[in-house]
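Trainee: Count along the sequence shown starting at 1, add 493, and that's the number in our numbering.
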Amino acid sequence: MHDLLTDEQKMILDITRQIVDQRIIPVRAELDETREYPWEIIKEIGKSDLFRLFVSEEYEGMGTGIFEVCLTTEELSRGDLSVATSYAASGLGLIPINIAGNEEQKKKYLPQLASGEKLAAFGLTEAEAGSDAGSIRTTAIKDGDHYVLNGTKQWITNGGEADIYTIFAMTKPDKGIRGASALIVEKGTPGFKFGKKEDKLGIRASATRELIFTDCKIPKENLLGKEGSGFIIAMKTFDESRPVVGAQAVGVAQGAFEVALEYSKVRKQFGVPISSFQAIQHILANMGTNIEAARSLVYHAAKVIDSGAKNVSRLASMAKLFASDMAMKVTVDAIQVLGGYGYMKEYPVEKMMRDVKITQIYEGTNQILRNVIALDMIKRGVL
Ligand SMILES: Cc1cc2nc3c(=O)[nH]c(=O)nc-3n(C[C@H](O)[C@H](O)[C@H](O)COP(=O)(O)OP(=O)(O)OC[C@H]3O[C@@H](n4cnc5c(N)ncnc54)[C@H](O)[C@@H]3O)c2cc1C
Numbered sequence: 494m495h496d497l498l499t500d501e502q503k504m505i506l507d508i509t510r511q512i513v514d515q516r517i518i519p520v521r522a523e524l525d526e527t528r529e530y531p532w533e534i535i536k537e538i539g540k541s542d543l544f545r546l547f548v549s550e551e552y553e554g555m556g557t558g559i560f561e562v563c564l565t566t567e568e569l570s571r572g573d574l575s576v577a578t579s580y581a582a583s584g585l586g587l588i589p590i591n592i593a594g595n596e597e598q599k600k601k602y603l604p605q606l607a608s609g610e611k612l613a614a615f616g617l618t619e620a621e622a623g624s625d626a627g628s629i630r631t632t633a634i635k636d637g638d639h640y641v642l643n644g645t646k647q648w649i650t651n652g653g654e655a656d657i658y659t660i661f662a663m664t665k666p667d668k669g670i671r672g673a674s675a676l677i678v679e680k681g682t683p684g685f686k687f688g689k690k691e692d693k694l695g696i697r698a699s700a701t702r703e704l705i706f707t708d709c710k711i712p713k714e715n716l717l718g719k720e721g722s723g724f725i726i727a728m729k730t731f732d733e734s735r736p737v738v739g740a741q742a743v744g745v746a747q748g749a750f751e752v753a754l755e756y757s758k759v760r761k762q763f764g765v766p767i768s769s770f771q772a773i774q775h776i777l778a779n780m781g782t783n784i785e786a787a788r789s790l791v792y793h794a795a796k797v798i799d800s801g802a803k804n805v806s807r808l809a810s811m812a813k814l815f816a817s818d819m820a821m822k823v824t825v826d827a828i829q830v831l832g833g834y835g836y837m838k839e840y841p842v843e844k845m846m847r848d849v850k851i852t853q854i855y856e857g858t859n860q861i862l863r864n865v866i867a868l869d870m871i872k873r874g875v876l
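(1) For a quick check, are the C-beta atoms of isoleucine 705 and valine 678 less than 9 Å apart?
(2) If we ignore side chains and look at the alpha-carbon of each, how far apart do serine 628 and isoleucine 670 end up?
(3) Assuming isoleucine 866 and serine 734 make a contact with CB atoms under 8 Å, what is their CB distance in whole Å?
(4) Just checking, does the stretch 600 to 607 make contact with the stretch 557 to 566 on the three C-beta pairs under 8 Å criterion?
(5) If contact is defined by three or more beta carbon pairs under 8 Å, each pair taking one atom from either stretch, is the stretch 837 to 849 in contact with the stretch 782 to 795?
(6) Cβ of glycine 723 within 9 Å of Cβ of alanine 675?
(7) Considering just the uninterrupted stretch of the alpha helix (DSSP H) at aspartate 500, what are its terminal residues?
(8) Got a sec? Which residues, its chain only, sit under 8 Å from glutamine 853 by beta carbon, not counting five neighbours each side?
(9) When the distance is taken between beta carbons, is alanine 614 closer than 9 Å to isoleucine 590?
(10) Taking the alpha carbon of tyrosine 756 as the point to measure from, which residue in Gly653, Ile828, Tyr580 has its own alpha carbon closest?
(11) Tell me whether tyrosine 792, by its Cβ, gets closer than 8 Å to a heavy atom of ligand 1.
(12) Cβ of leucine 498 within 8 Å of any heavy atom in ligand 1?
(13) Where aspartate 799 and isoleucine 508 are concerned, what is the direct C-alpha to C-alpha distance, given to the nearest angstrom?
(14) Look up leucine 717 in the DSSP assignment and say whether it is helix, strand or coil.
(15) What residue from Val830, Leu717, Arg760 has the CA that sits closest to asparagine 779's CA?
(16) Where does serine 810 land, buried or exposed, given buried means 16+ other C-beta within 10 angstroms?
(17) Heavy atom of ligand 1 less than 8 Å from the Cβ of aspartate 625, yes or no?
(18) Give the list of continuous beta strand (DSSP E) stretches no shorter than 3 residues that lie fully inside the stretch 650 to 703.
(19) On the CB-based measure, 16 or more other CB atoms within 10 Å of its CB, does arginine 807 come out buried or exposed?
(20) Which word fits aspartate 848, buried or exposed, when buried means at least 16 other C-beta atoms lie within 10 angstroms of its C-beta?
(21) Is glycine 644 helix, strand or coil by DSSP?
(22) Comparing the CB of isoleucine 854 with every heavy atom of ligand 1, is any distance shorter than 8 Å?
(23) Looking at C-alpha atoms only, which residue of Ala626, Glu567, Ile534, Ala633 is the closest neighbour of glutamate 610?
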């Protein structure tokens, strides 16, 4: 499928591939072990201009689109999902600024995010508001020329490492979903603290932290869009970001597939390579076919979004749903192809299986995505 890429897209992919092969693959097991945030690699990604893919040319980005973000994210994920998640989460944090920011906000924040000099993060989830994002309790109450932010966000990717946070809070707590607003909050603002880095099953080197706001004063100029439009901004953000999670899943699956295929050619049992057994061949054939199918759906969704089409929630959700379920199965099957060795840390496939589980959970669990898809079909018909 990569044969169909333009020269610019091939160049983006080549640059990413070099980072993956030279900088990520050699250290990914160590990162998983130490849980150290991959700052050196993130800086390298910044130097290679890959954060510019999220931003339009006016604000020092490349002015490409979600398709190119998917290409890069997929390739980074082939190497290591902690790195890819940290990269994609900065994009997730800045998409609300792309969507709803005014000229001043875009000029102030986007160039420093495009260069990778600073990272962004997206703060929606709370302890009592996960899938039910409309139940957030963090408040941002207007007081003169600022908002006073109080509350705690949970499990925020890039928490503590990012400098710029898009925070969703209730500006009118009595209005339910219509009372939610989005605000840009800078690290270092008095009253803004971080919880400890979570110890996780997978993507262990990525930073997942609480954001704690106590009487934190945010200038009123940092409101994104209008008061009350927070929930719409969050949902529009997911329309653009869910195919990127699909790309993460495709990339991890591709990495596991490559390891399994190579292993099957060198591992001998009963005097022959295990790749000569039809049972193994069929597993490999299914892996390859399903990866290609998911990749097609992810790329298609990204291209439709980049075309400026409306009503893309269904397609964006399908891309994440299909790719993440596919990748979970492919990584489990990769372990099966490697047998006992697949279960050992000596090979990367057990880590890939642990890592990729998150793609079925964050940015909308796959149950929630099925709800989104079904409700949209019921409302707007099959196509
Ligand atoms: C590593 C990690 C990183 C994350 N990064 C971020 C981030 O950067 N920013 C951010 O804002 N959030 C982040 N999250 C939060 C993530 O988006 C939520 O975990 C996710 O939305 C699910 O919410 P929950 O965990 O509270 O699960 P719950 O909502 O409690 O769901 C529990 C189970 O019930 C199911 N369920 C719930 N409601 C329904 C329903 N209506 N129909 C059918 N099934 C349902 C779910 O599918 C799930 O299986 C992150 C989470 C993790 C684990």
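For glycine and all other residues, C-beta sits at the position ideal for the given N, C-alpha and C.
Quick caveat: nothing in here was measured; it's all calculated off a predicted structure.
Mentor: If we stick to the structure as given:
(1) For the pair isoleucine 705 and valine 678, the CB atoms are not nearer than the 9 Å cut-off.
(2) Approximately 8 Å, taken between the alpha carbons.
(3) No, isoleucine 866 and serine 734 are not in contact; Cβ-Cβ is about 16 Å, not under 8 Å.
(4) As far as the Cβ criterion goes, the stretch 600 to 607 does not touch the stretch 557 to 566, which means the pair count is below three.
(5) Verdict: no, contact absent.
(6) Yes. Within cutoff.
(7) Counting along the chain, the alpha helix (DSSP H) containing aspartate 500 begins and ends at 500 to 512.
(8) Contacts found: Ser817, Asp818, Met821, Asn859.
(9) Cβ distance not < 9 Å, so isoleucine 590 and alanine 614 don't count as in contact.
(10) With distances taken between Cα atoms, tyrosine 756 lies closest to Ile828.
(11) Outside the cutoff, so no.
(12) For ligand 1, no non-hydrogen atom lies closer than 8 Å to the CB of leucine 498.
(13) Roughly 22 Å separates the two Cα atoms.
(14) Correct three-state label for leucine 717: strand.
(15) Answer by Cα proximity: Val830.
(16) Serine 810 counts as buried, since no fewer than 16 other beta carbons sit within 10 angstroms of its beta carbon.
(17) Aspartate 625 has its CB nearer than 8 Å to a heavy atom of ligand 1.
(18) You should have 657 to 663, 673 to 679, 685 to 687.
(19) Buried, since its Cβ has 16 or more Cβ neighbours within 10 Å.
(20) Classification for aspartate 848: buried.
(21) If DSSP states are grouped into helix, strand and coil, glycine 644 belongs with the strands.
(22) Residue side-chain check: isoleucine 854 places its Cβ nearer than 8 Å to a non-hydrogen atom of ligand 1.
(23) Looking from the CA of glutamate 610, the closest CA among Ala626, Glu567, Ile534, Ala633 belongs to Ile534.
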